[in-house]
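Chemist: The structure follows.
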Amino acid sequence: MKDGVNGVALAVFVFFFLVVTVLGFMAARWRRAENENSLDEWGLGGRSFGTWVTWFLLGGDLYTAYTFVAVPAAIYAAGAAGFFAVPYTILVYPLIFTFLPRLWSVSHKHGYVTTADFVRGRFGSKGLSLAVALTGILATMPYIALQLVGIQAVLDVMGVGGGESTHWFVKDLPLLIAFGVLAAYTYSSGLRAPALIAFVKDTMIYLVIAVAIIYIPIKLGGFDAIFQAAGDAFAEVNPATDKPRGALVPGEAGQWTYATLALGSALALFMYPHSITATLSSGSRDVIRRNTTILPLYSLMLGLLALLGFMAIAAGIKVQNGQLAIPQLFEDMFPDWFTGVAFAAIGIGALVPAAIMSIAAANLFTRNIYKDFLKPDATPEQETKVSKLVSLLVKVGALAFVLTMDKTVAINFQLLGGIWILQTFPALVGGLFTRWFHRWALLAGWAVGMVYGTWTAYNVASPTQKHFGGSSAAIPGIGEIGYIGLTAFVLNLAVTVVMTFALRAVKAPEGVDETAAPDYTADAGDPGVSPELPKVGTGH
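Here is the structure:
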């Protein structure tokens, strides 16, 4: 690590940060609507984004700063097991092709802003809707915190804020400034801000990865030397576990873990509120379909990005916190000016998803807690005002989490977030295709999945942690080690099916379904569908 502050890298970082700050505030005037006081406008960008805007927005939403830092960090720490992120982002797109267009159509027809809105309308159950909303908020909070962890990792490597002995306010001032700017332009511009900034973010990330995948191997003697160095490093025995540090290829014992983690993560990814928020902002069903075909380009990028973990080993990077491995690799290998570009890509890569996540969480609170339970007669203007304020509170909570708690706690809660959000799959995806599931059975299945997943994760230990030491445990009845979230999901589904049979047998009352079959295939401009809004972007 270089001594002191890397002035050149910091100057480049600040320049790009100022550029996206200006774009964030300018976004408020980008295709401004006649009536901005509605969640459709502030929280969904007017439901008007075209193919490319949606592509950049979804990419900026799903491939975050934490992805940029954590995926190669997992490779750096444990080897090929960290590549699970690549197959799961490939599996997810055929999956969402089957249900996202249906969700877009019924949401457009009925004005749904959140997944909990749809669940309430489909099953006539505010209780089930509340469960989905609370799960979404709970799973999103640590995800936002980890974006700030990504920014903090970059600032640490640049030497900004001083050492551990520096006063906490001085040390965290750069992060506080970044947070303040993010909060201000999100409050002002809503979803249009991250949509506009995503163009800059993704362009920079593609540039950095393209340069890194060519330039760094040349400096390290080629990929043969990189894989040789990584293989030697992984063969070393870890004194804490008395086992090899990792492996270039997952062993037979880890294959169930790898496969279930990939499948469970694929099922969970588009259950997150921020994924749905970005999806519902698009202007038509065709935009969704086209995006499922071109989003896999990000998976190609992710595969290349993962290789940076091997490069960090070959470059001799030694860090106590694995999250610093890739920022440190960039600082050691790149010229200072391009290090600044790389750090800016990571920093901006945190701002875009953090903005979308805070908007998504705020929309859930406003529509499914405030309006459903506290003020049923809330006007669109009141909804928008509350959502703006809650988006600020969500960011403050995430910032407090990062500044006051150990970073491993944030990572643990994010792992729990994946387990939790997967338990909303039966109500959301199941509801898009059938109403056979009983609302009380779905609620019972959700509760069982949440309790089992949380308790099992709590009992997982690691060499450094007594609880929440990982996201995998023995699968009951099989004995293999697998992803806890997927096991909890199977248990959730089994309880839902059994209880549905039982409740239907006793003719338990069902809620009113406010949707109809044609709603799930309706497009913008169809009879009975909300008037088509001016499109933003291309592809129409």
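Numbering (the numbering used here), first residue to last: 9 to 548.
Ideal Cβ positions, reconstructed from N, Cα and C, are used throughout, including at glycine.
(1) Looking at the strands, I want to know which residues DSSP matches up with Y491.
(2) Please state if the CB of A481 and the CB of T464 are separated by a distance shorter than 9 angstroms.
(3) CA-CA distance, A201 and S399?
(4) Using DSSP with H/G/I as helix, E/B as strand and the rest coil, what is A255?
(5) Roughly how far, in whole angstroms, is the beta-carbon of A93 from the beta-carbon of V79, given that I think they are within contact range, below 8 angstroms?
(6) Identify whether G87 lies in helix, strand or coil by the three-state DSSP scheme.
(7) Indicate the three-state DSSP secondary structure (helix, strand or coil) for N14 in the structure shown.
(8) If you draw a straight line from the C-alpha of S479 to the C-alpha of A261, how long is it?
(9) Report yes or no: do the stretch 315-335 and the stretch 84-101 share at least 3 C-beta pairs separated by less than 8 angstroms?
(10) Around the Cβ of N467, are there at least 16 other Cβ atoms within 10 angstroms (buried) or fewer (exposed)?
(11) Which value, in whole angstroms, describes the spacing of the CA atoms of L269 and F278?
(12) Going by C-alpha to C-alpha distance, which of L494, T106, V216 sits closest to F338?
(13) Does the beta-carbon of I226 have 16 or more other beta-carbons within 10 angstroms, so that it is buried, or is it exposed?
(14) L184: buried (16+ other C-beta within 10 angstroms of its C-beta) or exposed?
(15) What is the DSSP secondary structure of N246, counted as helix, strand or coil?
(16) Taking the alpha carbon of L450 as the reference point, which residue from G485, V498, V503 has its own alpha carbon closest?
(17) Counting only runs of 4+ residues fully inside the stretch 83-139, write out the alpha helix (DSSP H) ranges in chain order.
(18) Give me the Cα-Cα distance between E391 and P361, rounded to the nearest whole angstrom.
(19) Straight-line CA distance for D48 to A36?
(20) Among the residues of its own chain, which have a CB less than 8 angstroms from the CB of L484, if the five just before and after it don't count?
(21) Tell me which same chain residues have a C-beta within less than 7 angstroms of the C-beta of I234, skipping the five on either side of it?
(22) Are A314 and F107 closer than 9 angstroms when you measure CB to CB?
(23) Considering only their Cβ atoms, is the gap separating V13 from V168 smaller than 9 angstroms?
(24) Counting Cβ pairs closer than 8 angstroms, one from the stretch 114-134 and one from the stretch 518-528, do we hit at least three?
(25) Considering Cα atoms alone, identify which of T59, A469, P281 is closest to A370.
(26) Which residues in the same chain have their Cβ closer than 6 angstroms to the Cβ of F373, if we skip the five residues on either side of it in sequence?
(27) Once the 5 residues before and after H475 are set aside, which same chain residues still bring their CB inside 6 angstroms of it?
(28) For the stretch 151-169 against the stretch 12-29, are there 3 or more C-beta pairs whose distance is under 8 angstroms?
(29) In the structure shown, what three-state DSSP assignment does S290 receive?
(30) Classify F351 as helix, strand or coil using the three-state DSSP reduction.
(31) Could you tell me which uninterrupted alpha helix (DSSP H) segments, each at least 4 residues in length, are contained entirely in the stretch 297-323, listed from first to last along the chain?
(32) According to DSSP, simplified to helix, strand and coil, what is H548?
(33) Does DSSP put F57 in a helix, a strand or coil?
(34) Helix, strand or coil, according to DSSP, for L26 in the structure here?
(35) Which runs of the alpha helix (DSSP H) spanning at least 4 residues fall entirely within the stretch 189-240, listed in chain order?
Modeler: For this structure:
(1) S480
(2) yes
(3) 14 angstroms
(4) strand
(5) 5 angstroms
(6) strand
(7) coil
(8) 16 angstroms
(9) yes
(10) exposed
(11) 15 angstroms
(12) V216
(13) exposed
(14) exposed
(15) strand
(16) V503
(17) 93-118, 123-131
(18) 22 angstroms
(19) 14 angstroms
(20) Checking the sequence shown, residue 484 turns out to be Pro, not Leu. Taken in chain order, the residues that qualify are T495.
(21) P225, L228, F318, M319, A322
(22) no
(23) yes
(24) yes
(25) P281
(26) V398
(27) Y466
(28) yes
(29) strand
(30) helix
(31) 304-314, 316-322
(32) Residue placement at H548 is flagged as unreliable, the pLDDT there being 35, under the threshold of 50; the coordinate-derived value follows with that caveat. If DSSP states are grouped into helix, strand and coil, H548 belongs with coil.
(33) strand
(34) helix
(35) 200-228
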